[in-house]
Amino acid sequence: MIHTRRARPGELQALLAVHRAAFGRNDEAELVRRLHLAGDNSSELLAETGTDVVGHVMYSPCRIEHGDDGHVLGLAPVGVLPAWQGQGIGSTLIRQSLDNLRSEGHVRAVVVLGDPAYYARFGFTPASRAHLHDTYGGGDAFMVLALQPGGLAGYHGRVDYAPAFDLLTD
Ligand SMILES: CC(C)(COP(=O)(O)OP(=O)(O)OC[C@H]1O[C@@H](n2cnc3c(N)ncnc32)[C@H](O)[C@@H]1OP(=O)(O)O)[C@@H](O)C(=O)NCCC(=O)NCCS
22 MIHTRRARPG
32 ELQALLAVHR
42 AAFGRNDEAE
52 LVRRLHLAGD
62 NSSELLAETG
72 TDVVGHVMYS
82 PCRIEHGDDG
92 HVLGLAPVGV
102 LPAWQGQGIG
112 STLIRQSLDN
122 LRSEGHVRAV
132 VVLGDPAYYA
142 RFGFTPASRA
152 HLHDTYGGGD
162 AFMVLALQPG
172 GLAGYHGRVD
182 YAPAFDLLTD
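Each residue of the sequence shown is one higher than the last, beginning at 22 in this note's numbering.
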């Protein structure tokens with residue numbers, strides 16, 4: 022039985038272990054560690070089975086070149102332990118965390134850089150249609166989701182992720 026909940030203080034190592042195993046390298050775990058250190062872990066949700074953490078998604082603040090008001094978050098990273106992938110846990114984490122942000126009400130929009138075929142199912146559409154672009158040359162892989170009516174109004178230009186993302190090269 023899988024359930025989702027907020028991460029508690031003291032659980033960082035378990036979250037890092039999920040990303041290390043999910044991505045098969047340390048970069049995303051290091052990203053999560055640095056986001057935590059900087060206090061840029063704006064929102065996060067974990068999935069657990071019994072007492073084991075098997076998945077984790079996090080959101081951090083983004084800066085918009087024009088119209089920035091501090092109400093846009095970037096979704097990254099999301100990871101599920103390899104043995105638990107393909108069973109709906111990643112989708113549950115993303116849907117549930119987006120629902121939480123929607124009901125909390127202060128986040129206007131979320132951006133993500135990922136596979137359009139995966140993220141379209143959660144409502145993400147190419148950010149270029151909203152006149153937004155990333156700094157990685159993501160093209161249509163850079164997507165956006167408004168969490169409120171008019172959530173994207175007034176935003177355009179380059180979207181910068183939190184400084185911790187500077188360590189990621191691919
Ligand atoms: C991506 C990931 C979080 C999805 O979680 P999951 O629990 O395995 O996914 P779900 O069971 O909810 O959904 C399965 C769907 O995701 C797709 N999928 C799985 N990994 C994917 C990936 N890396 N990129 C794109 N799609 C992926 C599967 O093909 C499947 O698609 P389908 O429903 O059309 O058959 C997980 O597979 C993972 O940790 N992968 C390694 C890390 C990673 O690539 N993270 C995403 C980039 S930030």
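Cβ atoms here follow ideal geometry from the backbone N, Cα and C, with glycine treated the same way.
Practice item. Answer yes or no: the CB of D136 versus the heavy atoms of ligand 1, is any distance below 7 Å? Key: yes
**Study point:** Distance, G172 Cα to G91 Cα
**Key:** 12 Å
Check your understanding: Any idea which residues DSSP pairs Y80 with across the strands?
Key -> S64 and L96
Review point. Using DSSP with H/G/I as helix, E/B as strand and the rest coil, what is T72?
Key: Coil.
Review point. Within the chosen definition, does the region 109 to 122 reach the region 145 to 156 through at least 3 CB pairs nearer than 8 Å?
Key: no
Exercise for review: In the DSSP assignment, find the alpha helix (DSSP H) that holds A42 and state where it starts and stops.
Suggested key: For A42, the enclosing alpha helix (DSSP H) has its first and last residue at L33 to F44.
Practice item. State the Cα-Cα distance for the pair T70 and M22, rounded to the nearest angstrom. Key: Cα to Cα, T70 sits roughly 6 Å from M22.
Review point. So, do the region 162 to 171 and the region 97 to 117 have three or more beta carbon pairs nearer to each other than 8 Å?
Key: no
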